[in-house]
Amino acid sequence: MEPKRTAIYLCEDERELARALIGALEPRYRVSWSPNGEGALEAVRAGEAEILILDRKLQDADGMEILAALRDGGARTPVLMISGLGAVDDRVAGLRAGGDDYLVKPFAMPEFLARVDALARRLPVEGAALLRAGTLELDLIGRKLRRGDRGIELLPREFKLLEYFMRRPGQVVTRKMLLEEVWGYCFNTETNVVDVHIRNLRVKLDAPGEPKLIVNLRGQGFRLDVPA
Amino acid sequence: MSPRDLLGSTPWRLAVAFALAITLLTGGVFYAVYRISTQARIDQLQAVFADEAEKAAATDDAALQQALTLRLTRDFRRLNFVGLYDRSGRRLLGNIETMPDAPIDGRTRYVADFRPSAHDDPEPTLVVARRRPNGDVIVLGRSLSEASLLRAVLAQALSFAILPIAVGALLLGLLFARRTAARIGEIDRAIAGIVDGDLGRRLPSRTGLRELDGVVGSVNHMLDDIERLLGQLAAVGDNIAHDLRAPLMNMRALLERALAEAPRGEGRAAVQGALRQLDRAMTTIEALLRIAGIDRQSRVAGFRELELGALCAELQEFFAPLAEAKGVALTLAAERKMRRRGDPDLLREAIANLIDNALKFTPRGGAVRILARERAGRAEIIVSDNGRGVPAAESRDIFRRYVRARNGADLPGGGLGLAIAETIARLHGMELTVADNAPGARFTLAERDGP
Chain A
12 MEPKRTAIYL
22 CEDERELARA
32 LIGALEPRYR
42 VSWSPNGEGA
52 LEAVRAGEAE
62 ILILDRKLQD
72 ADGMEILAAL
82 RDGGARTPVL
92 MISGLGAVDD
102 RVAGLRAGGD
112 DYLVKPFAMP
122 EFLARVDALA
132 RRLPVEGAAL
142 LRAGTLELDL
152 IGRKLRRGDR
162 GIELLPREFK
172 LLEYFMRRPG
182 QVVTRKMLLE
192 EVWGYCFNTE
202 TNVVDVHIRN
212 LRVKLDAPGE
222 PKLIVNLRGQ
232 GFRLDVPA
Chain B
8 MSPRDLLGST
18 PWRLAVAFAL
28 AITLLTGGVF
38 YAVYRISTQA
48 RIDQLQAVFA
58 DEAEKAAATD
68 DAALQQALTL
78 RLTRDFRRLN
88 FVGLYDRSGR
98 RLLGNIETMP
108 DAPIDGRTRY
118 VADFRPSAHD
128 DPEPTLVVAR
138 RRPNGDVIVL
148 GRSLSEASLL
158 RAVLAQALSF
168 AILPIAVGAL
178 LLGLLFARRT
188 AARIGEIDRA
198 IAGIVDGDLG
208 RRLPSRTGLR
218 ELDGVVGSVN
228 HMLDDIERLL
238 GQLAAVGDNI
248 AHDLRAPLMN
258 MRALLERALA
268 EAPRGEGRAA
278 VQGALRQLDR
288 AMTTIEALLR
298 IAGIDRQSRV
308 AGFRELELGA
318 LCAELQEFFA
328 PLAEAKGVAL
338 TLAAERKMRR
348 RGDPDLLREA
358 IANLIDNALK
368 FTPRGGAVRI
378 LARERAGRAE
388 IIVSDNGRGV
398 PAAESRDIFR
408 RYVRARNGAD
418 LPGGGLGLAI
428 AETIARLHGM
438 ELTVADNAPG
448 ARFTLAERDG
458 P
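Order-wise, the sequence lines are chains A and B. For the first sequence, the numbering used here assigns the number 12 to the initial residue and increments by one for each residue that follows. For the second sequence, the numbering used here assigns the number 8 to the initial residue and increments by one for each residue that follows.
Following this line, the structure appears as structure tokens:
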């Protein structure tokens, strides 16, 4: 399996947590681990880290400084920042400093894995005017959706939601990712409001008898399944 | 501070008392000076007078007449009175028209309202009458109007001396009262801020009153201790939450692996149940750490211009599908142009938590109403429902961490959403209150002060 070969470098000084993360990552990735920040830059330079997972606060270093050094050196390696600092500012600061994603502890493992998977797969070119997934065709300029021969009307928010899925076909997307990316919200809701939005989208996507395109993965999130 | 408060203040009262005391004491001193000097003059005059009367009685007629005339002609100030009367009381000489009604015994007497003639004003006068050997009566008088003059001069001097002191004292008192009021006001505001949860705030240390400075110093010291202790307490809580994260995440990873390795095993349902419970625990820990994080956040960082009405409209749109699915009417009435400075992400979270909460507790067929308005310049965001409501006794506790309205205990969620909303409200100088909506609950997020 191709993703298994992706090399991940994890900088996390909480050993217990590091062990849990490594345990979750190992079935799919090649993981190197270091409790401090020193190794990270070298690993990236040596091409041994295709994805960097960086704790914001390491015992001997500030994750933000490592990130800054990395970006200053021109490295475009995807970086997932993880941090115990939960204030919204930190997230914004982390992303602004060049992090590709930011996850606040504690996080559920499926959430973590979905984020890493998202980084491991390169997104379709941002500039594309037409997104295709199976028989789905999303015209980003004309704001039109077709499934096969059928045209489907979408509300602006539904359009954005589907666009997010179509940029990540076959990939697990968590509720938190949707909240953050589609709505720009950084909070958790105790209700199943995201599920309802998805359900509404599904009703429009799937005509009776057609296979369900967006599947619900219990305990993980959702996935846009594209029939081969 | 109103003029009324100012006039009731201690410094002003002290100033009034001081001005009064100065006036009384100085007045007393002046009165004593007046009394002593006047009395000395009267005593002196009395002695001289008795002597003169005795001599006059003994002098022969011609010499007496000459002496009396001389006395009157020399008396430019008209202080001397003279009268010579024959046996029948007829005036022979002098400027006293009728013989005064005084005992003819040669002793000097003080007459308070002596009138030498009918058209003269009465004045205090020393009078002595004595019978001459030939039976005539000689009356001598000496006006004491000098004393009244002295009194007038003294009174003038007194007013010159006292007025500036009294006015000065009152002005100083007023100044001091205002200054003290301002300082006390600062202290008062600082205390109000601390009570409102701004634990890092301290009382202004230089009050200008040394005694008060001491007290302020002690209070600030006490606040340092309280803040440190609360910090330790919060740190203990945060550390517990922090330390629980790793084992819980480990446990979750292990359970997931167990689930993956036993696709059809008998323990599957149990493992899935354990995962659900674990997720609830994680949600709680996440919320607790989130509250700690917001508490730590500085006031201005992340604050920018935002519009509360638009924020509410956006959230209404976000929750509308959920409300529809639940069969609950979610309506919005938002005034526009409610521009404020704040952290939009946090405010969105606070309002979302209120809507979230309202939707959770409102049964099918119910209604949730979002209202954003301005009242007396203060922004108010009200989320009301006609669901189960909040029992009055629990309304105070509802924002405290862990506590949830008891009749909602069977619903999912840690109940920390409201605690988070309350923390965010506090950060924005707002207050989150809950009231009975009869039926249902009404949560109000309102600014304490205007924009």
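Built from N, CA and C at the ideal position, the CB exists for glycine as well.
What residue range is occupied by the uninterrupted beta strand (DSSP E) comprising Cys22 of chain A?
-> Element bounds for Cys22 of chain A: Ala18 to Cys22.
Rounded C-alpha distance that separates Gly105 of chain A from Pro370 of chain B | A direct Cα-Cα distance of roughly 41 Å separates Gly105 of chain A from Pro370 of chain B.
Proximal residues, the segment 254–270 of chain B versus chain A, C-beta separation under 7 Å | Pro254, Leu255, Met256, Asn257, Arg259, Ala260 and Glu263
Kindly say whether Gly224 of chain B, judged by its beta-carbon, lies nearer than 8 Å to any beta-carbon of chain A.
-> no
Identify each residue in the segment 296–326 of chain B for which the Cβ-Cβ distance to at least one residue of chain A is less than 8 Å, and report them in chain order.
-> Leu296, Arg297, Ala299, Gly300, Ile301, Arg303, Gln304, Ala308, Gly309, Glu324, Phe325 and Phe326
Taking only the alpha-carbon atoms, compute the straight-line gap between Ala299 of chain B and Phe310 of chain B and give it to the nearest angstrom.
-> 18 Å
Check each candidate in B:Leu315, B:Ile301 and B:Thr33 and name the one with the smallest Cα separation from Asp205 of chain B.
-> B:Ile301
In chain order, what residues of the same chain have a beta carbon less than 8 Å from the beta carbon of Ala35 of chain A, not counting five sequence neighbours either side?
-> Met120, Phe123 and Leu124
By Cβ distance below 7 Å, which residues in the same chain neighbour Pro38 of chain A in space, the five residues on each side in sequence not counted?
-> none
Roughly how many whole angstroms lie between the Cα atoms of Asp143 of chain B and Thr115 of chain B?
-> 18 Å
What's the call for Arg235 of chain B, buried or exposed, on a 16-neighbour Cβ count within 10 Å?
-> exposed
Using 10 angstroms around the beta-carbon of Leu243 of chain B, count the other beta-carbons present and answer buried if the total reaches 16, otherwise exposed.
-> Checking the displayed sequence, the identity of residue 243 of chain B turns out to be Val instead of Leu. Val243 of chain B comes out exposed.
Three-state secondary structure (DSSP) at Glu59 of chain B?
-> helix
Under 9 Å from the C-beta of Cys22 of chain A: neighbouring residues of chain B | Going along chain B, no residue has its Cβ under 9 Å from Cys22 of chain A, so there is no contact; the nearest lies around 16 Å.
How about Arg343 of chain B and Gly384 of chain B: do their beta carbons lie closer than 8 Å?
-> The criterion of a C-beta distance shorter than 8 Å is not satisfied by Arg343 of chain B and Gly384 of chain B.
Between the Cα of Ile362 of chain B and those of B:Phe326, B:Thr30 and B:Ala340, spot the shortest distance and give me the residue it belongs to.
-> Nearest of B:Phe326, B:Thr30 and B:Ala340 to Ile362 of chain B, Cα basis: B:Phe326.
Which residues in the same chain as Ile111 of chain B place their Cβ atom closer than 7 Å to its Cβ, once the five residues preceding and following it in sequence are excluded?
-> Ala136, Arg137, Arg138 and Val144
Report the residue from B:Arg347, B:Glu356, B:Asp352 and B:Asn364 whose alpha carbon sits nearest the alpha carbon of Leu337 of chain B.
-> Among B:Arg347, B:Glu356, B:Asp352 and B:Asn364, the Cα nearest to that of Leu337 of chain B belongs to B:Asn364.
Nearest-angstrom Cα distance between Leu165 of chain A and Tyr175 of chain A?
-> 14 Å
For Asn444 of chain B, does the three-state DSSP call read helix, strand or coil?
-> coil
Lys68 of chain A (DSSP reduced to helix, strand or coil) | strand
Separation of Gly274 of chain B from Leu28 of chain A, as counted between CA atoms = 26 Å
Nearest-angstrom Cα distance between Asn414 of chain B and Ile19 of chain A?
-> In this prediction, Asn414 of chain B scores a pLDDT of 41, lower than 50, which makes its location untrustworthy; the coordinate-derived value is nonetheless stated afterwards. About 48 Å.
Alpha carbon of Leu354 of chain B to alpha carbon of Tyr40 of chain A, nearest angstrom | 39 Å
Smallest Cα separation from Arg178 of chain A: which of A:Asn199, A:Arg82 and A:Asp236?
-> The option with the nearest alpha carbon to Arg178 of chain A is A:Asp236.
Can you name the residues that DSSP bridges to Asn227 of chain A?
-> Asn227 of chain A is bridged to A:Phe233.
Taking the C-alpha atoms as reference points, what is the distance between Ala119 of chain B and Val174 of chain B?
-> The C-alpha of Val174 of chain B is placed about 36 Å away from the C-alpha of Ala119 of chain B.
Inter-residue spacing [alpha-carbon to alpha-carbon] between Asp93 of chain B and Asn87 of chain B | Answer to the nearest angstrom: the Cα atoms are 20 Å apart.
Taking a Cβ distance cut-off of 7 Å, strictly less, list which residues of the segment 197–212 of chain B are near chain A, in chain order.
-> Under the 7 Å Cβ criterion, the segment 197–212 of chain B contributes no residue.
At a Cβ cut of 7 Å, what residues of the segment 43–61 of chain A count as close to chain B, listed as they run along the chain?
-> The segment 43–61 of chain A vs chain B, Cβ under 7 Å: nothing.
Can Met289 of chain B and Leu237 of chain B be called in contact, C-beta distance under 8 Å?
-> no
On the three-state DSSP scale, how would you describe Val397 of chain B?
-> coil
Given a cut-off of 8 Å, decide if Ala359 of chain B and Thr185 of chain A are closer than it, judged by their beta-carbon atoms.
-> no
Name, going along the chain, the residues of the segment 242–254 of chain B whose beta-carbon falls closer than 7 Å to a beta-carbon of chain A.
-> His249, Arg252, Ala253 and Pro254
Residues of the segment 326–348 of chain B whose Cβ lies closer than 7 Å to any Cβ of chain A, in chain order | Phe326, Pro328, Leu329 and Ala332
What is the residue span of the alpha helix (DSSP H) that Met188 of chain A lies within?
-> Arg186 to Leu189
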